[in-house]
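Here the structure is laid out as structure tokens; the discussion comes afterwards.
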Amino acid sequence: MSHRQLSEQEAREKSSELRSYLWGFGLALILTLIPFGLAAYTQMAAGTLYLVIAGCAVIQIVVHFRFFLHITLARNKREDLQLILFTVLILAIMVGGTLWILFNLYYRMMPDMLP
Amino acid sequence: MTTITKPNDGHANRTPHRVHHPGLNLGPAHQESEDTREEMVFGFWVFMMSDLIIFGLLFATYVTMLGGTAGGPGPSDLFELKSAFIETMLLLTSSFTFGMASLALKYRSDRKVLVIWLLVTLLLGLGFLAHELHDFHKMFTEGGVPSRSGFLSAFFSLVPLHGLHVIGACIWLIALLGQIAVHGLDPPTKTGLMRLAILWHFLDVVWIGIFSLVYLGGIV
């Protein structure tokens with residue numbers, strides 16, 4: 016038979032994992048369609064649109080980690096959550112520092128480079 | 003299937019199986035390789051996170067170079083919303099189909115369903131690559147070459163690096179299909195599939211940043 020004989024617990028796990036992927040896919044689709052739709056079909060002010068795009072992107076990244084990569088707040092998965100959060104901290108310092116220093120430099124020396 | 007229960011653990015049937023590593027765990031039915039898998043999958047996560055730092059810094063470089071078009075073509079001249087949307091959909095769907103492949107690996111003993119989902123994923127990945135190469139070609143013909151300006155250099159170090167990762171992932175996927183054909187689902191193949199799943203979902207996460215910041219941000 017194609018199906019391995021699943022225990023009751025496995026069957027429950029299977030349906031909850033399938034649901035998780037479907038939820039993730041659905042949410043990711045919505046969060047992709049919102050920014051693309053707004054950018055293509057509306058005349059929103061650029062500032063608001065940037066905020067919406069950034070917001071959708073951040074939420075979609077969390078959705079991907081939660082539903083596709085199975086990173087949750089559960090106690091037995093704390094180690095990897097810590098790994099990811101530490102990486103995000105390092106990234107925030109390095110990316111934030113890069114932007115801060117370079118845009119400050121542009122402001123003082125090369126105003127043409129400012130957006 | 004017997005579930006592993008400890009003698010004095012009355013909750014064994016209600017609590018989920020022990021989680022060995024981040025991501026989808028294959029569970030007690032695939033016990034034979036659980037020990038090495040724990041280390042290899044966690045190690046792969048550490049690598050993935052270092053890759054995330056590279057991408058993050060290339061994003062930062064790209065943002066600082068947005069003003070540096072040096073009179074050459076800028077984002078709104080070169081980018082097309084439609085092709086960015088198609089690429090996004092291809093990659094997002096491939097992430098979902100890889101998820102289905104992971105579930106087939108975990109819950110089915112035959113290889114057919116697993117291989118079908120993997121082939122669908124591979125086709126979607128190749129479709130994404132073809133579309134992206136077509137985009138780059140179009141940019142080149144419009145004068146958007148990497149040496150034209152700081153902005154284009156930054157663009158071509160960020161976006162093609164992601165494409166290169168997708169090429170690598172596709173080659174890895176083909177190699178794993180070969181492994182499945184030759185060796186069947188032995189422990190190294192299973193571990194390889196689980197690590198590739200992490201890479202694949204991760205590349206989709208990086209693409210969220212690219213389509214939001216580079217394409218949507220550039221066109222608005």
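Residue numbers (this note's numbering), protein chains in the order written: chain S, 16 to 130; chain Z, 3 to 222. We put the beta carbon where it would ideally sit given N, CA and C, even for glycine.
Taken through DSSP and simplified to helix, strand or coil, Z/ARG197 comes out as helix. Burial state of S/GLN75 is buried, judged by a 10 Å Cβ sphere holding 16 or more other Cβ atoms.
Look at the region 187-206 of chain Z: the residues with a C-beta under 8 Å from a C-beta of chain S are ILE200, HIS203, PHE204, ASP206. Counting the other Cβ atoms within 10 Å of the Cβ of S/LEU129 gives fewer than 16, which makes it exposed.
With contacts defined by Cβ atoms closer than 7 Å, S/GLY112 and S/PHE82 do not form a contacting pair. At a cut-off of 7 Å between beta-carbon atoms, Z/ILE88 makes no contact with chain S. Among the residues of chain S, none has a CB under 9 Å from the CB of Z/VAL168; the nearest is roughly 16 Å distant.
Here the C-alpha atom of S/LYS29 lies approximately 20 Å from the C-alpha atom of Z/THR95. With its beta carbon at least 7 Å from every one in chain Z, S/ILE108 lies outside the interface.
A contact is defined here as three or more CB-CB pairs under 8 Å, and the region 116-128 of chain S fails this definition with respect to the region 74-84 of chain Z. When CB distances to chain S are screened at a threshold of 9 Å, the residues of the region 80-114 of chain Z falling below it are LEU83, LYS84, ALA86, PHE87, THR90, MET91, LEU94, THR95, SER97, PHE98, PHE100, GLY101, MET102, SER104, LEU105, LYS108, TYR109, ARG110, SER111, ASP112, LYS114, in chain order. Here the alpha carbon of Z/GLY170 sits roughly 28 Å from the alpha carbon of Z/GLU144. Runs of the alpha helix (DSSP H) spanning 4 or more residues and lying entirely within the region 93-161 of chain Z occur at 114-143, in chain order. For the C-beta of Z/SER214, the chain S residues within less than 8 Å are, from N- to C-terminus, PRO50, ILE68, ALA69, CYS71, ALA72. For S/ALA60, the three-state secondary structure derived from DSSP is coil. DSSP places S/GLN20 in the coil class of the three-state scheme, outside both helix and strand. S/ALA60 and S/TYR122 have their alpha carbons spaced roughly 25 Å apart. For Z/LEU80, the enclosing alpha helix (DSSP H) begins and ends at 77-80. Of the residues Z/ARG197, Z/ASP206, Z/TYR217, the one whose Cα lies closest to the Cα of Z/ARG39 is Z/ARG197.
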